[in-house]
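Residue numbers (the working numbering), protein chains in the order written: chain A, 2 to 340; chain B, 54 to 322.
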């Protein structure tokens with residue numbers, strides 16, 4: 002696609018003609034009758050943070066596992082850091098690291114022992130393995146916890162150790178499968194900072210997430226995936242722009258009036274309304290400030306009190322809604338098994 | 054713990070010269086040793102059942118079965134060693150199932166290492182387990198009055214046979230570990246199959262008093278061959294045929310199941 006579009010400082014630095022970190026064409030993976038990944042193309046420039054966004058069961062993890070040589074594609078082809086996935090898996094493995102969705106650590110060993118074990122598997126000998134382990138523990142703020150067994154770690158500490166374990170040898174591409182799922186907000190911020198710094202040092206990061214905010218915050222480009230297909234790709238700004246110029250967001254004083262308000266807005270603005278029932282909030286596409294203003298006036302005239310209203314760019318939630326015709330969260334329950 | 058202090062001043066690290074397959078295997082062996090260090094209670098699990106068996110059978114049934122507790126211990130101890138090793142060979146399958154379930158094997162598989170190194174580590178763990186459990190049971194036997202007539206050489210030979218038995222039987226549970234996602238299910242499946250094989254053998258009693266159909270099974274049960282050879286090695290006078298028969302099952306299991314393990318592991322989803 003438009004790989005050379007200058008999106009941010011990082012992307013601009015890897016200009017047109019720069020080799021790609023990941024290039025995939027028509028990747029397919031079935032599990033029985035289910036097409037977990039159904040023909041996905043991907044171009045990820047080197048040094049970029051690239052997010053794969055989608056609900057549970059959309060095929061994100063399967064796509065990532067194929068790119069990390071852990072699952073064999075049933076169709077299509079891909080290369081990672083210039084090496085073909087099918088014919089040179091070992092070369093690919095020496096240039097990538099993957100942090101899975103769940104901490105892939107030995108719970109019975111200490112954090113330090115886990116890192117030393119992996120460092121030695123990579124080929125660091127006695128003292129070099131210890132030194133690299135110390136560097137990693139220090140960088141991830143785990144020096145004090147290094148001699149504790151991993152089973153006694155908090156979720157945030159596990160996650161950090163898990164990512165540290167992926168950086169024993171600085172990888173060309175780091176795969177992060179839902180790096181902040183299950184973390185509290187502070188720990189999540191910490192992981193985000195770490196990911197940005199890694200990308201700043203030249204590591205390409207491909208991450209999956211079901212948090213729209215996470216993709217928005219971190220990634221220079223986002224591919225939106227649903228039912229094994231890529232339904233959109235672009236920068237966060239481009240994705241938002243694709244759904245319309247602006248959104249009118251309204252908070253009702255009386256949530257019980259939600260349906261009435263939604264019907265009025267739909268009639269006035271001719272666009273479908275996305276409702277959040279708990280908070281009594283509504284979002285609807287509004288082309289200009291003037292049409293939005295008129296719509297608010299219609300609500301007030303009908304006796305619907307508002308506690309708040311604002312014009313804004315659509316949230317990625319709204320983008321997902323516009324792209325798939327349904328909210329991102331809806332699929333969680335019914336397609337859980339696809340992963 | 055706050056993440057605010059997270060500095061990530063992490064120096065770049067180039068990949069060192071790739072290590073040898075042997076060095077990979079040593080690392081996994083080291084991991085197995087660390088497990089013993091961190092989970093000493095695991096050893097308790099390993100030896101409690103055989104110790105209970107030794108004490109109960111010797112003192113409760115020994116007199117009735119063999120005339121005196123001392124005579125029975127002399128008969129029973131080599132057999133309880135076989136039983137211990139066969140039962141304990143389930144552990145590597147359970148460990149494997151745990152590692153796969155936790156995604157640890159995915160990390161190993163995404164490393165550019167000798168792909169069989171993790172299994173070599175399991176084997177190292179197994180061998181250590183068998184030697185430690187066997188050593189403890191032999192010590193208790195010696196305290197209770199067991200005397201290996203063939204001396205140290207006989208005991209060393211018997212333990213070598215034990216390790217070979219554990220190695221061979223272990224393949225069954227490594228296959229189960231690769232196929233079954235929950236460690237407890239591996240254990241249940243294993244014991245459903247192991248109990249009849251171990252009990253319908255000559256470990257506890259001589260088969261002469263059994264009904265003929267059972268006796269026919271006991272006499273061709275590989276566990277009986279193993280027990281007979283162990284008795285022979287520890288008491289002196291084991292024949293070449295006895296040892297060959299004891300090794301037949303482990304050798305066949307290795308030849309048949311090692312390629313299956315390799316195939317199951319290397320086949321990617």
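Every residue gets a Cβ at the ideal spot worked out from N, C-alpha and C, and that includes glycine.
Contact of residue 163(B) with chain A is assigned, a C-beta pair being separated by under 8 angstroms.
Fewer than three Cβ pairs drawn from the region 48 to 58 of chain A and the region 101 to 115 of chain A lie within less than 8 angstroms of each other, which leaves the two stretches out of contact.
Those residues of the region 102 to 115 of chain B placed with their C-beta closer than 9 angstroms to a C-beta in chain A do not exist.
Residue contact with chain B for residue 69(A): present (Cβ-Cβ distance below 8 angstroms to some residue of chain B). Against chain A, the beta carbon of residue 159(B) has neighbours under 9 angstroms at 66, 69, 71, 99, 101, 105, listed in chain order. Judged by beta-carbon spacing, residue 288(B) lies beyond the 8 angstroms limit of residue 282(B), meaning their Cβ atoms are not closer than that value. Between residue 147(B) and residue 240(B), the gap from beta carbon to beta carbon is short of 8 angstroms. Contacts with chain B (Cβ-Cβ distance below 7 angstroms) from the region 40 to 69 of chain A involve 69, listed in chain order.
Shown here for residue 75(B): not one same chain residue has a beta carbon closer than 8 angstroms to its own, the five before and five after excluded. A distance below 7 angstroms between beta-carbons, with the five flanking residues on each side excluded, links residue 290(A) to the following residues of its chain, in chain order: 312. Between residue 25(A) and chain B, the shortest Cβ-Cβ separation is not below 8 angstroms.
Closer than 7 angstroms at the C-beta level to chain B, one finds these residues of the region 108 to 122 of chain A: 109, 110, 114, 118, 121, 122.
Looking at the backbone, the Cα of residue 115(A) and that of residue 162(A) are separated by about 9 angstroms.
For residue 66(B), a Cβ of chain A is located within less than 8 angstroms of the residue's own Cβ. When the Cα atoms are used, residue 120(B) and residue 178(B) turn out to be separated by approximately 39 angstroms. For residue 309(A), same chain residues with a beta-carbon under 7 angstroms away, outside a window of 5 residues either side, are 252 in chain order.
Under the DSSP assignment, residue 95(B) falls in the alpha helix (DSSP H) whose first and last residues are 93 to 109.
When rounded, the separation of the alpha-carbon atoms in residue 242(A) and residue 72(B) is 51 angstroms. If you draw a 10 Å sphere on the C-beta of residue 231(A), you find 16 or more other C-beta atoms in it, and that means buried. According to the DSSP assignment, residue 39(A) belongs to the beta strand (DSSP E) that extends over 35 to 46.
Per DSSP, the beta-bridge partners of residue 277(A) are 282(A).
Within 9 angstroms of the CB of residue 170(A), the CB atoms of chain B belong to 66, 67, 68, 69, in sequence order along the chain. With respect to the 8 angstroms criterion, residue 253(B) and residue 228(B) are not classified as neighbours on the basis of their beta carbons. In the DSSP annotation of this structure, the continuous segment of the alpha helix (DSSP H) that includes residue 265(B) starts and ends at 265 to 273.
Secondary structure note for residue 234(A): its beta strand (DSSP E) is the uninterrupted segment 230 to 235. Identification of residues in the region 128 to 145 of chain A having a C-beta nearer than 8 angstroms to some C-beta of chain B yields 129, 133, 136, 137, 139, 140, 141, 142, given in sequence order.
Taking 8 angstroms as the CB threshold, residue 124(A) lines the interface with chain B.
A buried status is given to residue 30(A), since no fewer than 16 other beta-carbon atoms sit within 10 Å of its beta-carbon. For residue 80(B), the closest Cβ of chain A is nearer than 8 angstroms. Residue 295(A) sits exposed, since fewer than 16 C-beta atoms from the chains shown fall within 10 Å of its C-beta. Within the region 209 to 230 of chain B, no residue places its CB atom closer than 7 angstroms to a CB of chain A. Contact between residue 279(B) and residue 135(B) holds: CB atoms are separated by about 5 angstroms, below the 8 angstroms threshold. According to DSSP, residue pairing for residue 148(A) in a beta bridge does not occur.
By the C-beta density criterion, residue 268(A) is exposed, having fewer than 16 other C-beta atoms within 10 angstroms. At least 8 angstroms separates the CB of residue 218(A) from every CB of chain B.
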